[in-house]
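If you're matching positions, the sequence shown starts at 174 in this note's numbering and goes up one per residue.
Ideal Cβ positions, reconstructed from N, Cα and C, are used throughout, including at glycine.
Since this is a predicted model, take the numbers as computed values, not measurements.
Read the structure below first, then the notes.
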Amino acid sequence: MKYKLKTNKKWFVLSSSLVLVLALGIWYVLSSHILLGWSSPSKQQEYYTGTIVEIVKENSIIDGDKVLHSIKLDTGDVLTVTKNTMFFEQISDVKRTESDFNVIQEGIVVEAWSRQVNNHMFEAFEITAISPFNKIGYRTQDHLYSLSL
Numbered sequence: 174m175k176y177k178l179k180t181n182k183k184w185f186v187l188s189s190s191l192v193l194v195l196a197l198g199i200w201y202v203l204s205s206h207i208l209l210g211w212s213s214p215s216k217q218q219e220y221y222t223g224t225i226v227e228i229v230k231e232n233s234i235i236d237g238d239k240v241l242h243s244i245k246l247d248t249g250d251v252l253t254v255t256k257n258t259m260f261f262e263q264i265s266d267v268k269r270t271e272s273d274f275n276v277i278q279e280g281i282v283v284e285a286w287s288r289q290v291n292n293h294m295f296e297a298f299e300i301t302a303i304s305p306f307n308k309i310g311y312r313t314q315d316h317l318y319s320l321s322l
């Protein structure tokens with residue numbers, strides 16, 4: 174009887190230890206986000222401003238997202254243009270209009286907002302070309318054109 178009691182105690186200790194190790198393993202896996210794989214992209218948006226110094230046509234794919242152009246600013250930042258990028262042209266100090274990629278040229282001052290779209294890429298989702306203004310609020314080229322008439 175004494176021998177049977179010792180055997181039961183050993184099995185109890187062994188099974189309790191196994192349950193404890195299993196519980197700790199499950200807790201570790203669930204708390205360490207191992208099951209999630211890569212962390213999800215950040216929801217944070219980043220603001221950039223600067224003068225365009227170089228525009229490079231890319232037509233490459235990063236993690237399934239197509240990159241159309243890379244725009245390098247004088248600050249050293251690089252903006253990635255995708256099919257989702259929206260372009261605007263600021264036409265006064267309070268108004269801007271939607272435009273297309275043609276408004277983006279080297280030497281133009283831009284403001285841009287970018288966001289992370291996957292684990293390896295940020296896309297510029299909004300780029301605003303800042304046009305030079307004269308004192309009465311018109312773009313310089315429009316004003317000169319109207320004076321020449």
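Might you give, ordered along the chain, the residues of its own chain that have their beta carbon closer than 7 Å to the beta carbon of residue i, omitting 5 neighbours on each side?
i	result
residue 231	240, 241, 242 and 243
residue 236	291, 292, 293 and 294
residue 196	none
residue 233	240
residue 273	260
Can you tell me where the beta strand (DSSP E) with residue i in it begins and where it stops?
i	result
residue 289	282 to 291
residue 232	218 to 235
residue 301	294 to 303
residue 243	238 to 246
Buried or exposed: residue i, going by 16 or more other Cβ atoms within 10 Å of its Cβ?
i	result
residue 287	buried
residue 290	buried
residue 263	buried
residue 322	Low confidence applies here, because residue 322 scores a pLDDT of 37, under 50, leaving its location unreliable; read the following figure in that light. By the 10 Å Cβ count, residue 322 comes out exposed.
residue 254	buried
residue 193	exposed
residue 277	buried
Leaving out five residues before and five after residue i in sequence, what residues of the same chain have Cβ atoms less than 6 Å from its Cβ?
i	result
residue 300	260, 283 and 285
residue 246	223
residue 308	Its pLDDT being 38, under 50, residue 308 is placed unreliably in this model, and the value from its coordinates should be taken loosely. Closer than 6 Å at Cβ, skipping near neighbours: no residue.
residue 159	Within the shown structure, residues of the chain are numbered from 174 to 322, placing residue 159 beyond reach of any answer.
residue 249	none
residue 200	none
Against chain B, with Cβ distances strictly below 8 Å, would residue i count as a contact?
i	result
residue 221	No chain B is part of this structure, which consists of one protein chain only.
Going by the DSSP bridge assignment, what does residue i pair with across the sheet?
i	result
residue 272	260
residue 252	244
Residue i and residue j look like a contact to me (Cβ under 8 Å); what is the Cβ gap, rounded to whole Å?
i	j	result
residue 297	residue 258	5 Å
residue 279	residue 227	7 Å
Tell me which residues share the same chain as residue i and place their Cβ nearer than 8 Å to its Cβ, disregarding the 5 neighbours each side in the sequence.
i	result
residue 256	239 and 241
residue 269	261, 262, 263 and 301
residue 189	none
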